[in-house]
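For the sequence shown, position 177 matches number 350 in this note's numbering, and the numbering has no gaps at all.
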Amino acid sequence: MRKIIDQFSRFFVGALFIFSGLIKLNDPIGTEIKMEEYFEVFAEDFGSFFMFFKPYALEIGFILIVLEVVLGIALLINYRVRITSIILLALIIFFTFLTFYSAYFNKVTDCGCFGDAIKLTPWESFTKDVILIVFILHIFWYRDKYQPVLRTREGHAVIIVSTLVCIGLGIYAIQHLPFIDFRPYKIGNNIKEQMQPQEQPVFEYVFQRKDNGEEVHSEKYLTDTLVYKYISVRQTNEDKTKAKITDYSVSSVEGEDVTENTFQGNKLLFIVYDATKASGENMDKIRKLTKNLDGKVEMMAFTASSSEQFEIFRHEYQLAIPYYFVDATVLKTIVRSNPGITLWKDGTVKGMWHHNDTPEAAEVLERLKD
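Below you can see the structure in the form of structure tokens.
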């Protein structure tokens, strides 16, 4: 029986760590955003010391992602189980603390355990970590009983190659865009539709018959109080009554709300969520693109920087297009690039590019034909 639990623990924990790590490796910038959120919360609750780590959120998150995948692989091949189990235990205790803190104090509503692919509530995330702790503790307790699947040299090779592949994939995702886009702003989605709930709320009422104590479930509130006693109510489709996009809002320099305008016609949007940190590496290509599309497509720049900061940026790179203000987190969600480019047609996303992949004008116009 113990051997069955040994093998199940190994495969369950290893596979889950690999899956979770690969999901985040697909989008390291998303993990960076989540790490920044945690550092801000900790700085507020435990002291400004944690703000020291915020500029290094990408690097810290990237290390954790690679470690997660490599630890999962190491567990599947029983590679150095003693040290692997110790690191796994330390990591899951750390994760469990984060998810409990988020859940109990309602600080970070999404832990980002599976990136944007699978959204978990704070308590669901905490429950998942508690379950993992049970199996990791089993692995830790019986760590000397696990025999290596591969010989030492082969084991070393698998771990080294896995680490290098993860680093390579992660760097590519950072320098371009996620391989698979799970965000609500992905190509093909209509943004206005994503701002609407899928369904209207549906409730299930629970009553008790007064004559025989029988429990009755109903989608309608039963008003006959002589027959029924009200017990409770719950929403049965809560996950479908929340819009996927709730915070998208655009305002002009004058403070006018122009959100609705962004859903009308063809819009080429240049995302510069932080003008002081935006890369200037490909701004010559972006400037050329704006000149070639002038009069053919309406162009707008979205930023979370101040007017002063963006004016400096705009004049430095001669970006002669109007700019508007959008929340920084929303801009980071729209495209994982600073600057980044996205193409909308009547609110439907037709294209998205990292500044390293700035398109030619012909490609932009071709996307609008669909």
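Just so it is clear, CB atoms sit at the ideal spot from N, CA and C, and this is done for glycine as well.
C-beta contact flag for residue i and residue j at 9 Å
i	j	result
residue 254	residue 190	no
residue 240	residue 310	no
residue 504	residue 459	no
residue 185	residue 290	no
residue 411	residue 520	no
residue 470	residue 440	yes
residue 339	residue 256	no
residue 487	residue 474	yes
residue 224	residue 213	yes
residue 507	residue 462	no
residue 183	residue 264	no
residue 246	residue 288	no
residue 393	residue 378	yes
residue 312	residue 258	yes
residue 330	residue 368	no
residue 350	residue 526	yes
residue 299	residue 273	yes
residue 404	residue 364	no
residue 511	residue 464	no
residue 304	residue 252	no
residue 438	residue 542	no
Residue i - DSSP class collapsed to helix/strand/coil
i	result
residue 224	helix
residue 413	helix
residue 393	coil
residue 515	strand
residue 378	strand
residue 439	strand
residue 190	helix
residue 543	coil
residue 402	strand
residue 422	coil
residue 537	helix
residue 430	strand
residue 352	coil
residue 408	strand
residue 196	helix
Where the alpha helix (DSSP H) through residue i begins and ends
i	result
residue 489	480–489
residue 273	254–278
residue 387	It is not in any alpha helix (DSSP H) - residue 387 carries neither H nor E in the DSSP assignment.
residue 306	295–314
residue 233	230–249
residue 331	325–348
residue 418	Neither: residue 418 is in no alpha helix (DSSP H) and is coded neither H nor E.
residue 459	456–465
N- and C-terminal bounds of the beta strand (DSSP E) containing residue i
i	result
residue 174	From DSSP, residue 174 is part of no beta strand (DSSP E); its letter is neither H nor E.
residue 367	Taken as a continuous stretch (DSSP letters only), residue 367 belongs to no beta strand (DSSP E), being part of the alpha helix (DSSP H) at 364–367.
residue 471	471–476
residue 502	Looking at the DSSP string, residue 502 is not in any beta strand (DSSP E); the run it does join, the alpha helix (DSSP H), is 501–507.
residue 523	521–527
residue 211	Note, residue 211: premise wrong, no beta strand (DSSP E); alpha helix (DSSP H) at 201–219.
residue 497	496–498
Nonlocal neighbours in the same chain, by C-beta distance under 7 Å from residue i, ignoring five residues either side
i	result
residue 382	389, 400 and 401
residue 540	516, 523 and 524
residue 342	198
residue 489	none
residue 226	212 and 233
residue 208	230, 233 and 234
residue 353	199
residue 306	265 and 269
Same chain, Cβ closer than 8 Å to residue i, neighbours up to 5 away in sequence not counted
i	result
residue 373	414
residue 315	175 and 179
residue 409	375, 376 and 377
residue 468	none
residue 537	441, 462, 466, 470, 516 and 524
residue 531	455, 458, 459, 462 and 514
6 Å CB neighbourhood of residue i in its chain, flanking five on each side removed
i	result
residue 268	302
residue 395	380 and 401
residue 423	431, 432, 435, 497 and 499
residue 348	529
residue 296	276
Closer than 8 Å: residue i CB and nearest the ligand GTP heavy atom
i	result
residue 243	For the ligand GTP, the structure offers nothing, since it holds no ligand at all.
Just checking, does the segment 216–226 make contact with the segment 181–198 on the three C-beta pairs under 8 Å criterion? no
Specify whether the segment 197–206 and the segment 229–236 touch according to this definition: at least 3 beta carbon pairs, one from each stretch, less than 8 Å apart. yes
On the three-pair Cβ rule with 8 Å, is the segment 313–327 touching the segment 272–283? no
At least three beta-carbon pairs within less than 8 Å, the segment 444–453 to the segment 494–512: yes
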